[in-house]
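A.B. asks: Structure incoming, see below.
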Ligand SMILES: NC(=O)c1ccc[n+]([C@@H]2O[C@H](COP(=O)([O-])OP(=O)(O)OC[C@H]3O[C@@H](n4cnc5c(N)ncnc54)[C@H](OP(=O)(O)O)[C@@H]3O)[C@@H](O)[C@H]2O)c1
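See the structure below:
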């Protein structure tokens, strides 16, 4: 297939583009700067420059492609996570960016749209398993993701072909800025637990997220959870991280105190025990790192202790 990727220069893109190329696809990807264009070329993809918000400019760029994959996101770094301006930008990339891309894909006759979303959209279900039919919540952090999902569904509904939404778990692994910061904290004996220690976190190693993007090109239209096989409790997740970092956590927090930060952190404080069965069955995909225990050990080998 000829595949167009927006957001291919980010953390997931660094794994998704090689996975797409390895599967035999031809890849074109958006590059905003010359150094990003050079990095894409070095990977074997063809870089193009166009604004994510400019449907007229995107339409000729998308012509001739069989699929468009939207990984563009602007989630603020940990130090700017509470910054209102940064959150507005993040919302715009998810909402207006995905809408322009869907319009351009429709105009260019592209047959498939794969849209990145997150599994933090689900309602807290305690220890109960969550599948794609489970209730979702409307709170500030989810709105951009719902807008992006709606773009992919509108693309499918209005004659564009297959719309595939991937609801990823909490990313971790080399290249994911948040998780590299968490790893550095773990090496300094600080264990991060957001929300109830007995609540669940559903994670996904970046490499498995990349292979899921390639597998999504073969999956039937629909919404899929892309998480590893064994969600851990937050206590167990933090323990797995400190073990991988080789440093016992002397301080673990903030735990329940994280709720004081209000709804901007709700995506990370809730308990989400998310199941991946639908995507495993539909796409023939399986994560290489079945839980964060194995995945953090593999990550530590790359990042070094
Ligand atoms: N589920 C989760 O846990 C979750 C969800 C979302 C994000 N995150 C965090 O975010 C990262 C995840 O990786 P990611 O690949 O989703 O994010 P990322 O590394 O921040 O990459 C974002 C991609 O979107 C592009 N982009 C941003 N604004 C754009 C705009 N205005 N126009 C066009 N392209 C734009 C970026 O381009 P440039 O390279 O030019 O900047 C980049 O290609 C990790 O650091 C992770 O910790 C986590």
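Numbering (my numbering), first residue to last: 56 to 360. For every residue, glycine included, the Cβ atom is placed at its ideal position computed from N, Cα and C. Quick caveat, the model's predicted, so the values are computed rather than measured.
1) May I ask you to check if the CB of residue 128 is nearer than 8 Å to at least one heavy atom of ligand 1?
2) Please determine if the stretch 106–115 and the stretch 155–168 are in contact, where contact requires at least 3 C-beta pairs separated by less than 8 Å.
3) Less than 9 Å between the C-beta atoms of residue 218 and residue 210, yes or no?
4) Do you know offhand how far residue 287's Cα is from residue 248's?
5) Kindly examine ligand 1 and report whether one of its heavy atoms sits closer than 8 Å to the Cβ of residue 224.
6) Tell me the DSSP bridge mates of residue 108?
7) Which term fits residue 149, buried or exposed, when burial requires 16 or more other beta carbons within 10 angstroms of its beta carbon?
8) List the endpoints of the continuous alpha helix (DSSP H) containing residue 292.
9) According to DSSP, is residue 146 helix, strand or coil?
10) Would you say the beta carbon of residue 178 comes nearer than 8 Å to a heavy atom of ligand 1?
11) Apart from the five residues just before and just after residue 324, which ones in its own chain have a Cβ nearer than 7 Å to its Cβ?
12) Answer with buried or exposed for residue 102, where buried requires no fewer than 16 other C-beta atoms within 10 angstroms of its C-beta.
C.D. replies: In brief:
1) Residue 128 sits at position 73 when you count from the first residue of the chain shown. Result yes, Cβ under 8 Å from ligand 1.
2) yes
3) Taking the chain shown and counting its residues from 1, the one referred to as residue 218 is at position 163. Taking the chain shown and counting its residues from 1, the one referred to as residue 210 is at position 155. Yes. Within cutoff.
4) Taking the chain shown and counting its residues from 1, one reaches residue 287 at position 232. Taking the chain shown and counting its residues from 1, one reaches residue 248 at position 193. Distance between the alpha carbons of residue 287 and residue 248 is about 12 Å.
5) Here residue 224 refers to the residue found at position 169 of the chain shown. Under cutoff, so the answer is yes.
6) Walking along the chain shown from the start, residue 108 turns up at place 53. For residue 108, which the question treats as bridged, DSSP gives no partner whatsoever.
7) Translated into the one-based positions of the chain shown, residue 149 becomes position 94. It is buried - the Cβ of residue 149 has at least 16 other Cβ atoms within 10 Å.
8) Numbered from its first residue, the chain shown carries residue 292 at position 237. Element bounds for residue 292: 289–300.
9) Against the chain shown, residue 146 aligns to sequence position 91. Here residue 146 sits in helix by DSSP.
10) Counting from 1 along the chain shown, the entry for residue 178 is found at position 123. Not so, every heavy atom of ligand 1 lies at least 8 Å from the Cβ.
11) Numbered from 1 along the chain shown, position 269 holds the residue referred to as residue 324. Only 249, 250, 313, 314 meet the Cβ criterion.
12) Start at 1 with the first residue of the chain shown, and residue 102 comes out as number 47. That one is buried.
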